[in-house]
Amino acid sequence: MSAWFVAVVLLSMHLVSASDSDPIQDYCIPSPELSSLFPSSCKNSSLVTVDDFVFSGIKTPGDSMRTGASHPFRICRFKKPSFRQSVGEGGVMVFPRGLMHFQMNVGDTTATILGSFNSQNPGLVKIPSAVFGSDIKEELLEKVFGLSWKELGKLRKKFGPSS
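In mature numbering (1 follows the signal peptide of the UniProt record, and there is no 0), the protein residues as written are -18 to -1, 1 to 145.
Written out as structure tokens, the structure is:
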């Protein structure tokens, strides 16, 4: 009997998955007007800007002699314009869970990125729809994927927001 119990427990262990529950919404930027009345009030998503995701409070150098660098970040959102921002030394940019994004070092110095997830299961993003359904410039996609503008047009038509 105990051997059977141990076998069932061992076989069922592979089904265990740890993750956080999905949030009710993609992101919640606290509304400065309503935060004193309602601590969990969110800013209207149509009023959200890239500045809501960027924090430059870590700029104060500690005991270092590192020279500064600038690293642009971009967040892609379906049917909406992308956020574009250059983040300098000591800057932080937060990407909401499941939001497609990329970083590009435009400087001549080495960039350092520290990434972390807010969950053991960060979610699923359909990369083709997120990349080709956004307003990322054709020149950048041509350079990154090595495709012609004609091939990119076909992919945009196939994976665009209307598909």
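Cβ atoms here follow ideal geometry from the backbone N, Cα and C, with glycine treated the same way.
Handout entry: S52 to V(-11) span [Cα, whole Å]
Key = Any reading at S52 needs caution, since the residue's pLDDT is 41, under 50, leaving its predicted position unreliable; the model's value is listed next. Rounded to whole angstroms, S52 to V(-11) spans 55 Å at the Cα level.
Practice task
Output the boundary residues of the alpha helix (DSSP H) element that contains F(-14).
Solution key: Taken as a continuous stretch (DSSP letters only), the alpha helix (DSSP H) holding F(-14) covers -17 to -7.
Exercise for the section: Note down the Cα distance separating I57 from S130, rounded to an integer number of angstroms. Expected result: Because I57 sits at a pLDDT of 47, beneath the cut-off of 50, its placement in the model cannot be relied upon, and the following sentence gives the value as read from the coordinates. Whole-angstrom Cα-Cα distance: 24 Å.
Exercise for the section: Rank E121, C24, V126, F37 by C-alpha distance to the C-alpha of V76 and give the top, closest one. Expected result: F37
Problem - From A93, H83, F(-14), residue whose alpha carbon lies closest to that of V32 - result: When only C-alpha atoms are compared, the closest one is H83.
Handout entry: Pair within 9 Å by beta-carbon distance, P110 and K140
Key = Yes.
Problem - Straight-line Cα distance separating K132 from residue 195 - result: Given that the chain is displayed from residue -18 to residue 145, the structure contains no residue 195 and the question cannot be resolved.
Practice task
Can you tell me which of V(-13), D34, G142, S27 puts its alpha carbon nearest to the alpha carbon of Q67?
Solution key: D34
Exercise for the section: Put V113 into one of helix, strand or coil per three-state DSSP. Expected result: helix
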